[in-house]
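Engineer: Residue numbers for the sequence shown follow my numbering, beginning at 1 and rising by one.
Every residue gets a Cβ at the ideal spot worked out from N, C-alpha and C, and that includes glycine.
Here it is: the structure, laid out below.
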Amino acid sequence: MKEHNVKDLTNRYYLHTMCVSSAKKIGIVLLLSTTLPVSMLHAENESANPTHLIQSSTTDKTNLLQDTVKSSYISQQIDGADLMKVKDANFVNSLIGRLAGATINSSASGVGGSVRMVLRGYRSILKSNNVLFTLDGVPLPRLESRQPYNIYTGSGQTGDGMATFCPDDIESISVLSTAAASALYGSRSASGVVMINTKKAHAGKLRIELGNSTTFSSPMVMPEFQQTYDWRWGEKMSHPQSWDPADFFRTGHSINNSLALSIGNEYNQTRVSAVTMNGAGIIPNNDVDRYNFSLRNTSSLLCHRLKLDVNLRYIHTAEQNMQSQGMYGNPLVPVYLLPDVLLERIPVHPGSSNKYSYKDLFEVYNPELDGNAQYWPLGDMGLGMQNPYWTINRNMHNRKKKRLIGGIGAKFDLTSWLNVSGRVHYDRDKEIGTQKLYASTLFVDRLGTYYENENKNTQIYSEFLFNARKTVGDFSVDATLGSSLCDTKFDYSNNGGALGTLNQFELSALSKEGVCYSMQRDYHDRATSLFMLAQLGYKNSLFLDLGGRMEWLKFWDDDDSNSSTDVLYPSIGASVVPTEWLSDNPNRFLSFLKLNYTYSETGNSFTDYIFLNKERMGLEPRLVDNDLKPERTNSHEIGLNAGFLNDKISLAFTMYKTSTSDLPFEGYVSVPYPSASSPTDFYLMDTGCRIDNKGFELVLGTNMNIGQVKWNGRLTYSINKNEIKQLREVQKNSITGEDVVLDEVKISGGSGWQILLKKGGSIGDIYVTDLQRDAQGNVVVDKVSQNVIPAREYVYAGNADPKYTMGLANSFAWKGFELDFVIHARFGGVGLSMTQAIMDQFGVSQATAVARDNGGVWVSGENIPAKNYYQTVGGARTGALYTYDATNIRLAELSLAYHIPVNRWVKWIQDVRVALVGRNLLMLYNKAPFDPESTSSTGTWYQGVDFFRQPSYRNMGFSVNLTF
Numbered sequence: 001m002k003e004h005n006v007k008d009l010t011n012r013y014y015l016h017t018m019c020v021s022s023a024k025k026i027g028i029v030l031l032l033s034t035t036l037p038v039s040m041l042h043a044e045n046e047s048a049n050p051t052h053l054i055q056s057s058t059t060d061k062t063n064l065l066q067d068t069v070k071s072s073y074i075s076q077q078i079d080g081a082d083l084m085k086v087k088d089a090n091f092v093n094s095l096i097g098r099l100a101g102a103t104i105n106s107s108a109s110g111v112g113g114s115v116r117m118v119l120r121g122y123r124s125i126l127k128s129n130n131v132l133f134t135l136d137g138v139p140l141p142r143l144e145s146r147q148p149y150n151i152y153t154g155s156g157q158t159g160d161g162m163a164t165f166c167p168d169d170i171e172s173i174s175v176l177s178t179a180a181a182s183a184l185y186g187s188r189s190a191s192g193v194v195m196i197n198t199k200k201a202h203a204g205k206l207r208i209e210l211g212n213s214t215t216f217s218s219p220m221v222m223p224e225f226q227q228t229y230d231w232r233w234g235e236k237m238s239h240p241q242s243w244d245p246a247d248f249f250r251t252g253h254s255i256n257n258s259l260a261l262s263i264g265n266e267y268n269q270t271r272v273s274a275v276t277m278n279g280a281g282i283i284p285n286n287d288v289d290r291y292n293f294s295l296r297n298t299s300s301l302l303c304h305r306l307k308l309d310v311n312l313r314y315i316h317t318a319e320q321n322m323q324s325q326g327m328y329g330n331p332l333v334p335v336y337l338l339p340d341v342l343l344e345r346i347p348v349h350p351g352s353s354n355k356y357s358y359k360d361l362f363e364v365y366n367p368e369l370d371g372n373a374q375y376w377p378l379g380d381m382g383l384g385m386q387n388p389y390w391t392i393n394r395n396m397h398n399r400k401k402k403r404l405i406g407g408i409g410a411k412f413d414l415t416s417w418l419n420v421s422g423r424v425h426y427d428r429d430k431e432i433g434t435q436k437l438y439a440s441t442l443f444v445d446r447l448g449t450y451y452e453n454e455n456k457n458t459q460i461y462s463e464f465l466f467n468a469r470k471t472v473g474d475f476s477v478d479a480t481l482g483s484s485l486c487d488t489k490f491d492y493s494n495n496g497g498a499l500g501t502l503n504q505f506e507l508s509a510l511s512k513e514g515v516c517y518s519m520q521r522d523y524h525d526r527a528t529s530l531f532m533l534a535q536l537g538y539k540n541s542l543f544l545d546l547g548g549r550m551e552w553l554k555f556w557d558d559d560d561s562n563s564s565t566d567v568l569y570p571s572i573g574a575s576v577v578p579t580e581w582l583s584d585n586p587n588r589f590l591s592f593l594k595l596n597y598t599y600s601e602t603g604n605s606f607t608d609y610i611f612l613n614k615e616r617m618g619l620e621p622r623l624v625d626n627d628l629k630p631e632r633t634n635s636h637e638i639g640l641n642a643g644f645l646n647d648k649i650s651l652a653f654t655m656y657k658t659s660t661s662d663l664p665f666e667g668y669v670s671v672p673y674p675s676a677s678s679p680t681d682f683y684l685m686d687t688g689c690r691i692d693n694k695g696f697e698l699v700l701g702t703n704m705n706i707g708q709v710k711w712n713g714r715l716t717y718s719i720n721k722n723e724i725k726q727l728r729e730v731q732k733n734s735i736t737g738e739d740v741v742l743d744e745v746k747i748s749g750g751s752g753w754q755i756l757l758k759k760g761g762s763i764g765d766i767y768v769t770d771l772q773r774d775a776q777g778n779v780v781v782d783k784v785s786q787n788v789i790p791a792r793e794y795v796y797a798g799n800a801d802p803k804y805t806m807g808l809a810n811s812f813a814w815k816g817f818e819l820d821f822v823i824h825a826r827f828g829g830v831g832l833s834m835t836q837a838i839m840d841q842f843g844v845s846q847a848t849a850v851a852r853d854n855g856g857v858w859v860s861g862e863n864i865p866a867k868n869y870y871q872t873v874g875g876a877r878t879g880a881l882y883t884y885d886a887t888n889i890r891l892a893e894l895s896l897a898y899h900i901p902v903n904r905w906v907k908w909i910q911d912v913r914v915a916l917v918g919r920n921l922l923m924l925y926n927k928a929p930f931d932p933e934s935t936s937s938t939g940t941w942y943q944g945v946d947f948f949r950q951p952s953y954r955n956m957g958f959s960v961n962l963t964f
């Protein structure tokens with residue numbers, strides 16, 4: 001083999017090494033190779049048949065997962081190219097309709113907002129049920145912000161940690177739901193794992209990729225408004241008015257530009273990319289800008305025995321005025337309820353002939369302030385209303401984020417069957433948020449209010465592994481033994497209050513006499529782990545999987561309080577491949593069959609929740625006593641994986657049951673004080689709740705040619721049933737000795753609705769008030785008032801989650817043309833629209849106009865005047881009348897592309913792809929006055945409730961991709 005000196009190496013486009021004869025040369029090459037910024041190490045993906053729904057590992061610690069024939073469970077994989085066809089500001093939205101067992105909901109906060117992703121139901125009450133994301137095998141901090149939990153909040157939202165990643169750097173996505181997740185990633189993986197595998201360069205010539213994706217946004221689903229009657233239940237007008245709340249929204253956009261360069265040879269490969277995303281929401285003055293830069297270098301040394309991997313990533317994000325829902329600071333409340341907001345007929349001075357719109361004149365000079373103040377003579381009307389144009393221009397929520405990710409990893413082959421690997425990974429996120437509330441804003445100090453907060457999250461992850469793979473005769477052994485350390489530090493500060501100088505938004509300008517606020521919080525946790533995965537195989541047809549992980553968890557906070565706990569979770573699985581016993585025949589109908597069973601246990605430590613919520617009642621004593629056990633999930637799973645017609649058709653079926661115990665919970669219990677007729681809600685926090693989930697998943701895939709058309713299809717079906725088996729064990733009254741049974745706790749609620757934890761029920765159950773009814777179920781109409789009578793009791797309305805979901809993803813290719821589409825369907829579940837209830841109360845909904853045209857509302861054979869009826873049942877007084885079936889079917893994605901054969905004429909251009917793209921283009925079925933798949937909160941609670949939620953987006957646009 002030819003030797004290369006340092007000059008030869010440095011004269012190339014990249015550094016590489018080969019076997020050299022002297023130790024001196026080896027040392028120099030090692031030094032040059034390791035001075036680059038480095039991240040984690042990845043093993044080469046082993047080839048496998050994609051129609052078997054394989055997960056190919058990207059890290060050596062998961063060698064056992066590289067072949068679906070061997071694994072005792074079924075995982076799912078999505079190609080990164082699927083995420084690129086219709087780009088979204090948050091790539092997780094591109095997984096909708098493609099995965100079985102996943103409930104994915106986009107945040108109503110608009111472009112760049114968070115996404116809620118839950119696998120196989122809820123397994124925690126107080127902690128997050130969202131999945132854990134990993135980047136090339138390294139667990140990422142969740143970076144989830146506090147979510148709205150009632151009808152009042154919703155302004156100043158921010159995207160989660162995954163919203164900052166761009167799909168251009170993603171090679172593939174794999175989903176783990178069971179034993180492998182718990183063994184590899186510990187307590188953080190209690191809700192499942194989504195593994196992101198990033199792109200890297202390959203040997204070959206310099207490759208340049210340029211891309212642009214531009215989409216334009218408009219509201220998808222909005223309530224229906226009437227335009228024939230004057231507002232505030234006025235008389236019918238001679239001509240329909242021009243008032244349309246949709247006019248308040250602007251055309252939003254998302255512009256993505258990307259550049260990637262890659263080059264490499266057998267020994268060294270480098271990929272560099274830069275991606276920008278500039279987005280504007282449909283609510284004016286809502287903007288998001290994001291800039292991603294990444295570098296990855298992989299190299300092979302010492303005759304390929306030593307492999308290095310380099311990764312460096314920087315992300316800068318700027319967000320402004322992200323609004324999801326709520327009463328306060330929400331411009332949609334007056335826009336939906338007050339037609340005058342959008343009509344140009346406002347005389348500023350009595351008797352003046354000059355008329356203005358609230359948009360043009362949202363602020364006027366105020367001599368008392370010696371500055372501008374909000375113009376809003378209509379008042380807040382008990383709903384926190386302000387001039388909507390003042391809200392979007394003078395209630396400013398800004399946030400800047402800077403994130404740096406990088407590390408170093410190496411793998412060394414000790415023998416042909418044994419290797420050792422290690423890595424260190426660094427992830428630092430710094431966010432600075434400001435809230436500028438100008439003088440004359442509702443509930444704001446006289447000269448204005450200013451808040452500034454800073455978040456710093458730093459995670460250092462390290463890992464050391466031994467990996468063995470050995471075959472002896474008919475037997476095989478694959479094993480991984482490793483240790484990991486994950487150290488996380490969180491620093492938070494929030495300062496602000498009343499300003500001493502009019503609208504001077506600086507901490508130095510805070511009033512000396514006014515009320516000021518200052519809070520500092522530090523939090524530190526460390527997880528040290530030992531884990532093992534082993535697989536015994538016989539004749540490539542019988543496999544036994546064993547796994548286990550031991551974690552030692554320790555937590556500190558700002559007052560030097562600390563707590564520690566340890567968690568052990570084992571797993572075992574077995575699989576059999578009957579087709580290995582058959583003779584090879586490419587023409588047989590059944591080309592592949594695997595049956596598997598897996599049992600696993602997962603622990604989920606609760607101690608960090610204590611530190612982050614110490615100020616809440618009931619937590620401080622438990623911090624001292626340290627009596628909260630880790631939440632524990634036991635999981636059983638059986639599955640079938642089959643391929644037909646030489647794997648042109650694939651089938652994966654999984655049935656599972658999980659049981660999670662020792663769950664802490666908090667809520668309100670109604671006690672008969674001061675009397676049974678006037679009960680009081682008493683706050684309670686306790687532990688001992690148990691929740692079971694059971695369901696099944698089905699994935700049917702196609703990969704075949706129909707003539708000259710290449711067809712790849714994927715049909716998914718999922719169903720999950722969640723049940724609360726108990727809230728807590730029966731306790732004894734210390735005085736009377738009687739059993740104390742707790743079967744119901746209120747989590748949250750509002751006028752006309754409640755969300756309860758109830759034995760025998762499910763997480764997400766919604767209870768509502770109804771109208772008084774007789775024994776036959778007919779609505780009672782009061783003969784005196786000629787009106788209905790709201791009832792005080794709460795009745796079960798339904799659950800916010802679907803009964804089952806389906807997805808259909810198809811891709812067709814023919815002579816350079818590509819057609820891709822995704823249809824997503826959700827069946828069952830309910831949603832509650834307080835927006836519709838209040839619109840009815842104000843008489844601005846289409847339903848009220850229809851009732852007035854018909855002479856009233858007929859109830860139980862009685863005609864009730866429309867105004868009397870809707871002002872009685874509306875305004876969130878009777879939730880039963882505003883509960884809607886959440887079933888919906890939509891065209892979630894569509895892409896029509898063509899590869900222009902420019903290479904025929906210009907050889908240095910490899911490919912030019914142009915496409916028309918769209919997301920949420922068409923709602924095929926939906927009976928609710930809102931989008932049931934949108935959510936105000938990406939947390940567990942407050943699902944299925946619409947209170948002036950921002951509409952979901954319909955996106956249409958184009959994309960252009962060039963490869964050189």
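(1) Who are the Cβ neighbours of GLN846 in its own chain at under 7 Å, not counting the five residues just before and after it?
(2) In chain order, what residues of the same chain have a beta carbon less than 6 Å from the beta carbon of THR658, not counting five sequence neighbours either side?
(3) Can you list, in chain order, the residues of its chain whose CB lies under 6 Å from that of TYR451, leaving out five sequence neighbours each side?
(4) Given THR134, which residues of its chain have a CB within under 8 Å of its CB, disregarding the five upstream and five downstream residues?
(5) If you measure between the beta carbons of ALA837 and THR848, is that distance less than 8 Å?
(6) Using CA coordinates, which residue listed in ASN540, ARG296, ALA527, SER294 is at the minimum distance from MET550?
(7) Quick check on TYR149: does DSSP put it in helix, strand or coil?
(8) Using the three-state DSSP reduction, which class does ASN503 fall into: helix, strand or coil?
(9) Could you compute how far the alpha carbon of ASN63 sits from the alpha carbon of ILE405?
(10) Please report the distance separating the alpha-carbon of THR883 from that of VAL333.
(11) Tell me the start and end of each unbroken beta strand (DSSP E) in the region 623-702 that is at least 3 residues and wholly inside, in chain order.
(12) At the level of alpha carbons, what is the spacing between CYS486 and ASP525?
(13) In its own chain, which residues sit with a C-beta less than 6 Å from the C-beta of ASP287, not counting the 5 before and 5 after it?
(14) Tell me the rounded alpha-carbon separation between MET220 and GLN325.
(15) For ASP474 versus TYR569, is the C-beta distance shorter than 8 Å?
(16) Could you name the residues that DSSP lists as bridge partners for TRP711?
(17) Could you give the C-beta distance for ASP681 and TYR668, rounded to a whole number, given that I count them as a contact under 8 Å?
(18) Evaluate contact between the region 774-790 and the region 922-931, counting only Cβ atoms and requiring at least three cross-stretch pairs below 8 Å.
(19) I need the DSSP call for TYR451, collapsed to helix, strand or coil.
(20) By the DSSP assignment, the beta strand (DSSP E) with GLN77 in it spans what residues?
(21) For GLY639, would you say it is in contact with chain C, using Cβ-to-Cβ distances shorter than 8 Å as the test?
(22) ILE315 and ARG296 look like a contact to me (Cβ under 8 Å); what is the Cβ gap, rounded to whole Å?
(23) Have a look at ASN863 and VAL857 and give me their C-alpha separation to the nearest angstrom.
(24) Report the partner residues of GLU933 according to the DSSP bridge assignment.
(25) Consult DSSP for VAL221 and reduce its assignment to one of helix, strand or coil.
(26) Express the C-alpha separation of GLN871 and ILE170 in angstroms, rounding to a whole number.
(27) From what residue to what residue does the alpha helix (DSSP H) around ILE851 run?
(28) Suppose you measure from the CA of THR963 to the CA of LEU645; what does that come to, to the nearest Å?
(29) By Cβ distance, which residues of its chain are closer than 7 Å to GLY204, with the 5 residues on each side in sequence left out?
(30) So does the region 696-706 actually touch the region 103-114, counting three or more Cβ pairs closer than 8 Å?
(31) Pairing CB atoms from the region 293-312 with CB atoms from the region 388-397, are three or more of them under 8 Å?
(32) Can you tell me where the alpha helix (DSSP H) with LYS867 in it begins and where it stops?
(33) Just how far apart, CA to CA, sit ILE638 and ASN292?
Structural biologist: Short version:
(1) GLU224, PHE225, GLN226
(2) THR633, SER635, ASN693
(3) So the list reads GLN435, GLY496, once near-sequence residues are dropped.
(4) The beta carbon of THR134 is closer than 8 Å to those of LEU140, TYR185, VAL193, VAL194, MET195, ILE196 in its chain, skipping five residues each way along the sequence.
(5) no
(6) ALA527
(7) It is coil, neither helix nor strand.
(8) coil
(9) Bear in mind that a pLDDT of 40 at ASN63, under 50, signals an unreliable position, so the model cannot answer this.
(10) 20 Å
(11) 631-644, 649-675
(12) 8 Å
(13) ALA280, GLN320
(14) 16 Å
(15) no
(16) According to DSSP, which records beta bridges pairwise, TRP711 is partnered with MET704, PHE812.
(17) 4 Å
(18) no
(19) strand
(20) 76-79
(21) Given the protein chain composition of this structure (a single chain), no chain C is represented.
(22) That belief does not hold up - the Cβ atoms of ILE315 and ARG296 are roughly 15 Å apart, past 8 Å.
(23) 6 Å
(24) DSSP output for GLU933 lists no bridge partner at all.
(25) coil
(26) 53 Å
(27) Just to set this straight, residue 851 is Ala in the shown sequence, not Ile. 846-853 is the extent of the alpha helix (DSSP H) around ALA851.
(28) Straight-line spacing of the CA atoms in THR963 and LEU645 works out to 35 Å.
(29) GLY264
(30) no
(31) Contact fails between the region 293-312 and the region 388-397, because fewer than three Cβ pairs, one in each stretch, are under 8 Å apart.
(32) 866-873
(33) 41 Å
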